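Colleague:
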Amino acid sequence: MTETNAMSNRYDFKTIEAKWQTTWVDGGVYRVTEDDSKEKYYVLEMFPYPSGRIHMGHVRNYSIGDVVARYKRLRGYNVLHPMGWDAFGLPAENAAQKNNTHPATWTYENIDYMRNQLQQLGLSYDWQREIATCNPDYYKWEQLLFTEMYQKGIVYQKVTTVNWCESCKTVLANEQVIDGACWRCDEEVYPREMNGWFFKITDYAEELLQDLDTLTGWPDKVITMQKNWIGKSTGLECDFQVEDMDHIISIFTTRPDTIFGVTFMSIAAEHPLLDALIKDSEDKTAVRNFIEEIKVEKQRKSVNDDPEKRGIFTGKYCINPFNGERVPIYVANFVLIEYGTGAVMAVPAHDERDFEFARKYNLPIRPVVIPEGETMDPATMEEASTVPGSLVNSGAFSGQDSIDAQKAILAYAEDKGFGKQRVTYRLRDWGISRQRYWGAPIPMVHCENCGVQPVPEKDLPVVLPEDTEAGSECLPLHQRPSFIATACPQCGEAAQRETDTMDTFMESSWYFARFASPRHTESPLAKPKASYWLPVDQYIGGVEHAILHLLYSRFFTKVLRDLGYLEVDEPFTNLLTQGMVIKDGTKMSKSKGNVVDPNDLIQQYGADTVRLFSLFAAPPERDLEWSAQGVEGASRFLNRVYRLIMANIALLDCPAEIPKNLSPGGKELHRKTHQTIQRVTESIEHNFHFNTAISGMMEMFNVLSARTGDDQKQAAEPAVIREALSVLLVLLSPMVPHFAEEMWQTIGNADSIEDQPWPVADEKAAKEDLLTIVIQVNGKVRSRLQVSADEDDTRLTQMAHDDENTKKFIDGKPIKKTIVVKKKLVNIVI
RNA sequence: GCGAGGGUGGCGGAACUGGUAGACGCACCAGACUUAGGAUCUGGCGCCUUGCGGUGUGGGGGUUCGACUCCCCCCUCUCGCACCA
């Protein structure tokens, strides 16, 4: 292709995009402040980790968000659309060590590079609000929040068995352990006893669960995942007396109706009473060995999911308080110490695990809940029965329906004082201590005289030390004596700083609130600003954050509310979880070698084309299959629009008023224009299905193209063409902002396209006057008729019966009935 | 095992509360313009059939004048949780 050709039939995206980006960034066009005269709209995309360069997933995420932001601006909202960096985390340390630099250097360089990349995409952020979470101006407030939470009792310290990743040299939250391996490096995780800091997220479990019902703008999938994660269950906690001992073992069950079917008890290897139980046992050693084996097995459970059920008799019995029976106590490998009470009443007839265990160790099986019309024989049963039925062998409760019996048995236990109703949650407190360098220091001091003391606000931030000798940039804080040594804020004596840093999920749990007042120097949040902007109206990001990040953010929002900073209960009113960008059927990743670099695409096609394609190729919530040819198609469309404008530029210098009596071509284009306004608006408003919005605009362009040109018989009037083009550009502008703005001015407008109102459809103009009515015979399409829109049913029936094509299929047979669906079809049943 | 969401041309995907299945785009085919085209424009394009027509939304049944859409059973793919008592 020659240079001249290229110039004449393709728009010069490089010049155009650079020009508008400069205008937007330098002019601070997207800066916003609170304005009570307008309705606010806060749209936020999950902020990125500054890993080095953006990838296609970012492009997709931010393109979606930018369309929403620009669309809402055109609709007259006061739109907050900020961007920042989730800047603490392990990759910075790894990269720093590899390149012999400092994590801060690496991180800030990446931020600079990636900010530039985002700007090259033409994203309409208020850059004045940019935050980087590794900046002391940010984490100072996080530290303050931590101390306030400590004073409120939401933060506490405890020794626990933690998940330790040797490779990353840090503790992981349960949520960060996947199949027994570290979520980051995939190395096996080991248990380790450690003192650490925790958030009492379990205190909020019930509210976090209840409020999910208010989140009607969230995908069901995410709601369900959160519900399951919180894992509420209600049941009976019941005391079993240990025979001949002054000990009680409590069990938790959600099936109190089966309590007469208990034939043994299983307890966890870590159960606190275990030592006492086996103290006098003859097989003490055997039991001890077994316990150790189980503990090791638990550590190793990594990938092989279905370990065989194993257990050993402790030598002791306990008494079922309902029937006085003595049942043997077993240690079993499948009982979890961290859930319920660490002890389970075993009902093999009605629990799959207990059944398997009983069969293996030849323990009795006693059915007590018999489903309607069935019988159960313990000797021949092949699996546990978990369905409702009526009770047998259950003392005074025999004959009751099992659902009713649950309540009756619970009430009985409460009445007798050996049991009570209990609610348990799967959710556990959030351990936030990390032993890594590149994180926000936990602002606490350990004093020999005064115990643990929070660092007072005047001494915040506790700055992460950067002044270390070369080569030790990533030294964890506990290896830095100069950092540790401090004075007790209470008594002034020598004391030691806490050396753990905070889980990086902390920073992302409240950044959305900080964006309302990112430079506020008095407190974490400027209250009037926060109450103006929050909650986030539309949050957009990957579904991989469905549990952790979103749950923690919801938790923090409630904490911030309880600390008096916020007035909302939930952070994100609407949530859009966008699908992954995939290529050749799998996620783009370096290891698979199928990554597409956004930089290359922007170079080759320009930002608008890349944005357009990523919006067009799939609806946002679905995975997007990358296609190089598809990008080509998006580029082609924009160039077609460009050529049409350039070829008709003279024509557009005409009065704006649409003439009364339009030619057929003019009428068609005018109608299509207004139909397209309806369709595009509807697609965006309803579910952000930009793919159908774009296809609608392409259809409109196809009509425009057919009605523009030399053929006078076909062509639309100039005013209609002008209207169509103006509308098309405004509709396109949220998606391809540089192109739309440039073309807007090219067709003779002096103002910015961003100051245009979103077009409003003229319903009369959009209305079809000729309809295609389908004629069916017995539900099969046999003919089509062009009729005017106002034909009545009788006329339509007559026309259908008279239609030659249709007659062939009726073939003289008697007509049973004729169904007329307005504006759609006539179905003749014979 | 439990939970959620999918399965529509060669491909990405359309189809509103049941009412013309396959919009729009890609790929492909034919033609035009061209010295040339991997540019652009025009037309075609689910499958079977020469045609009339038949058939078709994972499979099977059902409801209905009419089903991608509603109901029942099954297959399959993706994701999440996974001994939670």
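Counting along the first sequence from 1, when you hit position 563 you're at 562 in numbering that gives the first Met the number 0, and nothing is skipped either side.
Beta carbons are placed, not taken as given, at the ideal position from N, Cα and C, and that holds for glycine.
Because the structure is a prediction, the values reported are computed rather than measured.
Between the region 339 to 359 and the region 252 to 264, do three or more beta carbon pairs fall short of 8 angstroms?
Modeller: yes
Colleague: On the three-state DSSP scale, how would you describe W429?
Modeller: Three-state DSSP puts W429 in a strand.
Colleague: Are the region 84 to 94 and the region 448 to 458 touching, with three or more C-beta to C-beta distances below 8 angstroms?
Modeller: Cβ pair count under 8 angstroms is below three, so no.
Colleague: Excluding the 5 residues flanking G831 on each side, which residues of the same chain have their C-beta closer than 7 angstroms to its C-beta?
Modeller: The structure shown does not extend to residue 831, since the chain spans only 0 to 829, so no value can be given for it.
Colleague: V828: buried (16+ other C-beta within 10 angstroms of its C-beta) or exposed?
Modeller: With fewer than 16 other Cβ atoms within 10 Å, it is exposed.
Colleague: Sort out for me which residues DSSP pairs C237 with in a bridge.
Modeller: DSSP lists I250 and G418 as partners of C237.
Colleague: Check whether the Cβ atoms of L273 and I290 lie closer than 9 angstroms to each other.
Modeller: yes
Colleague: With a CB to CB cut of under 7 angstroms and the five nearest residues on each side skipped, what residues in its chain are close to D282?
Modeller: Cβ within range, chain order: G314.
Colleague: Can you name the residues that DSSP bridges to V571?
Modeller: Reading off the sequence shown, one finds Phe at residue 571, where the question assumed Val. V535, per the DSSP bridge assignment.
Colleague: Measure the Cβ-Cβ separation of C167 and R183 and say whether it is below 9 angstroms.
Modeller: yes
Colleague: Is F612 helix, strand or coil when you go by DSSP?
Modeller: helix
Colleague: Quick one: is V158 buried, meaning 16 or more other Cβ sit within 10 Å of its Cβ, or exposed?
Modeller: exposed
Colleague: Let me know if V422 comes out buried or exposed under the rule of 16 or more other beta-carbons within 10 Å of its beta-carbon.
Modeller: exposed
Colleague: If the criterion is Cβ atoms closer than 9 angstroms, does the pair H445 and G341 meet it?
Modeller: no
Colleague: How far does the alpha helix (DSSP H) with S481 in it reach, from first residue to last?
Modeller: P480 to I483
Colleague: Please classify K815: is it buried, with 16 or more other beta-carbons within 10 angstroms of its beta-carbon, or exposed?
Modeller: exposed
Colleague: With H, G and I counted as helix, E and B as strand and the rest as coil, what does DSSP make of I809?
Modeller: helix
Colleague: Quick one: residues in its chain with C-beta nearer than 6 angstroms to the C-beta of A204, no 5 flanking neighbours on either side, listed in chain order?
Modeller: Only I229, Y424 and L426 meet the Cβ criterion.
Colleague: Keeping to the same chain, check which residues put their C-beta closer than 8 angstroms to that of P654; ignore five residues upstream and five downstream.
Modeller: A718
Colleague: Looking at the strands, I want to know which residues DSSP matches up with N826.
Modeller: Q775 and I818
Colleague: Output the distance between the C-alpha atoms of E206 and I200, rounded to the nearest integer angstrom.
Modeller: 10 angstroms
Colleague: Whose CA, out of A131, R721, P460 and L117, lies closest to the CA of E656?
Modeller: Comparing Cα-Cα distances from E656 to each of A131, R721, P460 and L117, the minimum goes to R721.
Colleague: Threshold first: 4 residues or longer. Then list the alpha helix (DSSP H) segments lying entirely within the region 624 to 664, N to C.
Modeller: 627 to 646
Colleague: Can you look up M193 in the DSSP assignment and give me helix, strand or coil?
Modeller: strand
Colleague: Going by DSSP in three states, W182 sits in which element: helix, strand or coil?
Modeller: coil
Colleague: Specify the secondary structure class of N162 as computed by DSSP and reduced to three states.
Modeller: strand
Colleague: Could you please give me the residues that DSSP links to C446 through a beta bridge?
Modeller: The partner list for C446 (beta bridge, DSSP) reads G450.
Colleague: Using the Cα positions of N303 and Q240, report the straight-line distance between them to the nearest angstrom.
Modeller: Note that N303 scores a pLDDT of 47, beneath 50, so its modelled location is shaky; the value from the coordinates is reported in the next line. Approximately 36 angstroms, taken between the alpha carbons.
Colleague: Within the same chain, show all residues whose beta-carbon is closer than 6 angstroms to that of W217, passing over the 5 residues directly before and after it, in chain order.
Modeller: L574
Colleague: For the alpha helix (DSSP H) that V558 lies in, which residues bound it at each end?
Modeller: L547 to D561
Colleague: According to the Cβ coordinates, are A412 and L235 closer than 9 angstroms?
Modeller: yes
Colleague: From what residue to what residue does the beta strand (DSSP E) around A312 run?
Modeller: Checking the sequence shown, residue 312 turns out to be Phe, not Ala. First-last of the beta strand (DSSP E) with F312: G310 to I318.
Colleague: Considering only residues of the same chain and omitting the five flanking positions on each side of V702, which have a CB-CB separation below 7 angstroms?
Modeller: E667, L668 and K671
Colleague: Does the pairing of the region 729 to 737 with the region 749 to 760 give three or more beta-carbon distances under 8 angstroms?
Modeller: yes
Colleague: Tell me F263's beta-bridge partners as DSSP assigns them.
Modeller: A345
Colleague: Spatial neighbours of Q420 within its chain, please: C-beta separation below 8 angstroms, excluding the five flanking residues on both sides.
Modeller: T233, G234, L235, E236, L409 and E413
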